[in-house]
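Numbering (the working numbering), first residue to last: 913 to 1323. Note that the Cβ used here is the ideal one computed from N, Cα and C, for glycine as well. Bear in mind the structure is a predicted one, so any value in this text is a computation, not a measurement.
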Amino acid sequence: MKKIILSAILLATTIINAQETVTISMGAGYTDEVYVDLSNQTENTYTAVNWDVAFLRNSAQNIGIRVNDGIGITVFEAANSPDAFDTIDLSNEASWTTLYNDDTNWDNGAFMQGSATYGWGEYNPVTHVVEGTVVFVLKYADGTYIKFINESFAAGYTFKFATWDGAAWVNETTQTVENDSNPETRYNYFSLTNNAAVIAEPSVDAWDFVFRKYITFLDPPGQYYPVTGVLHNPNVTIAQNDETSEEGDPNTVTYLEEINTIGYDWKSFNGTNYDIDSNTAYYVKDAENSVYKVIFTGFEGSSTGNITYTVEDVSSLLGFDSVTEDFSFGMYPNPSADGQVTIVYENAASTSASSTVNIHSVTGAEVYTSAVQNNTGFFNKTIDVSALKSGVYIVTFQSGDATVSKKLILN
């Protein structure tokens, strides 16, 4: 019975989902990083070279420092003692250890790969502060060298750096980036070359993935190499699905946390231009459990930095969500054009616990509530919400202490 009703939901909703074609531009030579919010197709663009180092700021207990590998900065561990900061010698470069950002996890940046317990430093049990012990050297694509040590982390990052002028280290500077700066973002960004903090990402709830250059490990040829691709928000999961023969089902695909699940290999260079893998679909599940199907259709390379893809909100194709072992819940059509929405739910066992359906606006105001039957079996209830304004609402099904919520769109 569940399969029959689920099929009815899929049939009722498939015909209303609209596919949209989107073209974004990273600029000629990939000068920009472009953050995209799929729920409203909002783009936020930042000049890639405007930052060098990023500091994780979402918690006093989480430490993370990344380098801007997309603009050709290489990070070396040059020494494992803070006393060595004053004696760093470029003639020893061949003996330094090269470090890279992890391209599967935002928070495991290049500086976290150093030889200290925390990558760049050690915890002091007396002061309860992580203190810097590793001296790094950043080598830029133009041959510039900057030595760097993150001296401590408490409520923010205190770091010291200096630039090689060809004969000596000059312009030694100490800066602190507080964790409470830019509280809507996960990272605070800093330009060592300009000695200034910068904004280089939108608020964490305003993007699903970013188009950028980054370093990845290619095997073969078995080395780190710069690529142009897509990394996703840490609060998003993505499923990659081959749809050569048939369309995928967002209910059965496997969603992954690795931020490079989309990555760079949806395209390949054929010697003249790029071939696009348009048979692969990516199902992007955001923090609100909305799911968007993305298929890449065009890539113009560095001449323009233009990338084209289709996007379709397939949230309405999601099947029943289990509230408890004995309860499941779904609804259709979604989006609804006339304000008539059918709630479908299953009681696998009789219970005395009350069950209700509530609808809230995105501001949290309750706009609808109704009790539903608790008898064993499948039930459906059509509700009339045509009096509500067009927009996004949250439908919550509650059975006893358990709840499940779905997004409802009224056109």
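Let me know the secondary structure DSSP gives residue i once reduced to three states.
i, result
"S1311", "strand"
"I1171", "coil"
"T943", "coil"
"I928", "Note on I928: pLDDT 42, under 50, position unreliable in the model; the coordinate value appears next. Here I928 sits in coil by DSSP."
"S1003", "helix"
"L1143", "strand"
"S919", "With a pLDDT of only 47 at S919, under 50, the local geometry of the prediction cannot be trusted, and the value read off the model is given with reservation. S919: helix per DSSP, three-state reduction."
"V961", "helix"
"Q1152", "strand"
"A1022", "helix"
"K914", "Any reading at K914 is ruled out, since the residue's pLDDT is 44, under 50, leaving its predicted position unreliable."
"A1080", "coil"
"A1277", "coil"
"N1163", "coil"
"A996", "helix"
"D1177", "coil"
"V1316", "strand"
"S1214", "helix"
"S937", "strand"
List the DSSP bridge partners of residue i.
i, result
"K1268", "Per the sequence shown, the amino acid found at residue 1268 is Thr instead of Lys. Beta-bridge pairing links T1268 to A1283, Q1310."
"P1138", "I1127"
"Q1087", "F1071"
"R978", "A966"
"F1065", "V1042, Y1069"
"V1304", "I1321"
"M1243", "I1255"
"N1292", "V1256"
"E955", "V948"
"Y1194", "Q1152, V1206"
"S1248", "L1322"
"A1028", "G1031"
"V1122", "Y947, L1143"
"Y1012", "None; Y1012 has no bridge partner."
"I1058", "L1050, T1075"
Taking residue i as part of the beta strand (DSSP E), name the residues at either end of that continuous run.
i, result
"Y1007", "In the sequence on display, residue 1007 carries Ser and not Tyr. Unbroken run through S1007: none, as it is neither H nor E."
"A990", "986 to 991"
"A1108", "1108 to 1110"
"S1115", "Premise fails: S1115 is in no beta strand (DSSP E) and is neither H nor E."
"I1207", "1203 to 1211"
"D1187", "1186 to 1188"
"E1200", "Counting along the chain, E1200 falls outside any beta strand (DSSP E), and DSSP gives it neither H nor E."
"L1050", "1047 to 1051"
"S1103", "1099 to 1103"
"I1219", "1218 to 1225"
"N1036", "1033 to 1036"
So does residue i have its beta carbon nearer than 7 Å to some heavy atom of the ligand HEM?
i, result
"F988", "With respect to the ligand HEM, the structure offers nothing, as it holds no ligand at all."
Answer yes or no: does any C-beta atom of chain D fall closer than 8 Å to that of residue i?
i, result
"T999", "Structure shown: chain D not included; a single protein chain is present."
Worksheet item: Between the segment 1158 to 1167 and the segment 1187 to 1198, do three or more beta carbon pairs fall short of 8 Å?
Response: yes
Fill in: Meets three-Cβ-pair contact criterion under 8 Å: the segment 1026 to 1033 and the segment 972 to 990
yes
Discussion item. Check whether the segment 989 to 1009 and the segment 1127 to 1142 touch, using three or more Cβ-Cβ pairs below 8 Å as the test.
Written reply: no
Worksheet item: Are the segment 1297 to 1306 and the segment 1270 to 1277 in contact at 8 Å, needing three or more beta carbon pairs?
Response: yes
Item to complete: Would you check if the segment 1152 to 1162 and the segment 1066 to 1085 touch, i.e. whether three or more CB-CB distances between them fall below 8 Å?
Response: no
Worksheet item: On the three-pair Cβ rule with 8 Å, is the segment 984 to 991 touching the segment 1107 to 1119?
Response: no
Item to complete: For the segment 953 to 960 and the segment 1083 to 1098, state whether three or more C-beta atom pairs, one from each stretch, are separated by less than 8 Å.
Response: no
Worksheet item: Are the segment 1196 to 1210 and the segment 1239 to 1251 touching, with three or more C-beta to C-beta distances below 8 Å?
Response: no
Worksheet entry | At least three beta-carbon pairs within less than 8 Å, the segment 1015 to 1029 to the segment 945 to 959 | no
Worksheet item: Contact between the segment 934 to 951 and the segment 1117 to 1125: three or more CB pairs below 8 Å?
Response: yes
Discussion item. Would you call the segment 1172 to 1185 in contact with the segment 1096 to 1107, where contact means no fewer than 3 C-beta pairs closer than 8 Å?
Written reply: no
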